[in-house]
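Each remark here refers to the structure printed beneath this line.
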Amino acid sequence: MTETPQPGQAPTRLVSHFLNRDRSNQSSGWAELWDTDQSDFWDRGKPSPALIDWIESQPEVLSSTSNRRPKALIPGCGKGYDVAMLALHGFDVYGLDVSQKGIETARAYAEAELREPSLYNFATESNGSLAESSIGSVWFIQSDFFQRDWEKEVAAEGFEGFDLIYDYTFLCALPPEMRKDWARRMSELLAPSGVLACLEFPLYKDLGAPGPPWGLKGVHWNLLAEGGDGMIGEESANDTRPLKGSFDRVAYFQPPRSYENGKGTDMFSCWRLK
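Here the working numbering is used: the first residue of the sequence shown is 121, the next is one more, and so on.
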């Protein structure tokens, strides 16, 4: 999602592709882009530097009393960059996408990376020498995040939810009227002691500008902390409202490293269920 039109410009190809599509046609819209080899809209070519740095520098945020591997979910996993990276850091990871072609692409990528990891999966070169026994497993599922049919592929004895869910360009891909459903599903899928980590993007884009990607300045806070519907305007992005949401924000910072597309405005936020 690299295209952002300037004032007075015609809609970008990505925005035009989703014009006049209601929520029931969102998934098919993304699948069509995969099938026509247009994944360049969102492909960054490597895992999230911000997520890597956070995972390696703040492991206490993901501490667990259980002896099992932590389970992670990447909705809208794309080519599987973050799925493979988290597995290399010891997570059992589930990548979810609506496109069968996308899932096949991600599965092939992850198999190659777990066999011979690229150094870009780690913050420092010394972290790249992980013992094979420390590498987690990966699963890729073709399904819609908002449906429940795929959850049976994850459920196991004692499973209470994901220990980590990561969102980078999933929320910004959704039309604003679906934001409240995104927050609800996150609360359903996260373990009681789990962490929802969000690389908030794009924060530089006008909230009223057409998407995808849709501008998200203040949207995460409104959805998760305030319990709003996420359909805010520029004038309300910094409002102080009662915190009636299902989540507490436990960390919020500008990551030292991120993708160039964030234009130096990306913020990293971490959330736990109340």
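Glycine is no exception: its CB is placed at the ideal position from the N, C-alpha and C atoms.
C-beta atoms of residue i and residue j nearer than 9 Å
i: P296; j: A243; result: no
i: F367; j: L336; result: no
i: G365; j: A345; result: yes
i: R268; j: D349; result: no
i: A192; j: Y286; result: yes
i: W174; j: F321; result: no
i: P190; j: L327; result: no
i: D264; j: V218; result: yes
i: I255; j: G198; result: no
i: G196; j: W150; result: yes
i: L291; j: H340; result: yes
i: R164; j: Y379; result: yes
i: R369; j: I172; result: no
i: T225; j: L323; result: no
i: P333; j: A293; result: yes
i: A303; j: L239; result: no
Same chain, Cβ closer than 8 Å to residue i, neighbours up to 5 away in sequence not counted
i: A109; result: Outside the displayed range of the chain (121 to 394) lies residue 109, so it cannot be described from this structure.
i: P312; result: E280, G281 and L393
i: Q126; result: Here the model assigns Q126 a pLDDT of 41, short of 50, so the residue's position is not dependable and the matter cannot be decided.
i: S307; result: S366, F367 and L393
Bridge-paired residues (DSSP) for residue i
i: R369; result: W391
i: V213; result: A192 and V258
Contacting residues, own chain, Cβ-Cβ under 7 Å from residue i (five flanking each side not counted)
i: N187; result: none
i: L221; result: Note on identity: in this sequence residue 221 is Lys, with Leu being the wrong assignment. Cβ neighbours of K221 beyond the five flanking positions: W154 and D155.
i: R141; result: G149
i: D363; result: For the sequence presented, residue 363 should be read as Leu rather than Asp. Here the set comprises A345 and E346.
i: S147; result: V218 and D264
i: D301; result: F266
i: K166; result: Y201 and Y240
i: F138; result: G149 and P332
i: V274; result: Y214
Neighbourhood of residue i by C-beta distance below 6 Å, restricted to the same chain and skipping five residues each side
i: M88; result: One cannot answer for residue 88 here, as it falls past the ends of the chain, which runs 121 to 394.
i: F361; result: Reading off the sequence shown, one finds Arg at residue 361, where the question assumed Phe. Cβ neighbours of R361 beyond the five flanking positions: E346.
i: R143; result: M298
i: V135; result: P330
i: E233; result: A204
i: Q374; result: M387
i: Q262; result: Q220 and I223
i: E354; result: L327
i: I194; result: D202, V203, G215 and Y286
i: W391; result: L316, L344, F367 and R369
i: C318; result: D287, H340 and S389
i: D212; result: R189, K191, G256 and S257
Report the residue ranges of all alpha helix (DSSP H) runs contained in full by the stretch 271 to 344; include only those spanning at least 4 residues, in chain order. Counting only runs of 4 or more, we get 299 to 309.
Within the chosen definition, does the stretch 149 to 160 reach the stretch 274 to 287 through at least 3 CB pairs nearer than 8 Å? As far as the Cβ criterion goes, the stretch 149 to 160 does not touch the stretch 274 to 287, which means the pair count is below three.
Kindly provide the ranges of any alpha helix (DSSP H) runs that are 4 or more residues long and lie completely inside the stretch 218 to 267, ordered along the chain. You should have 220 to 235.
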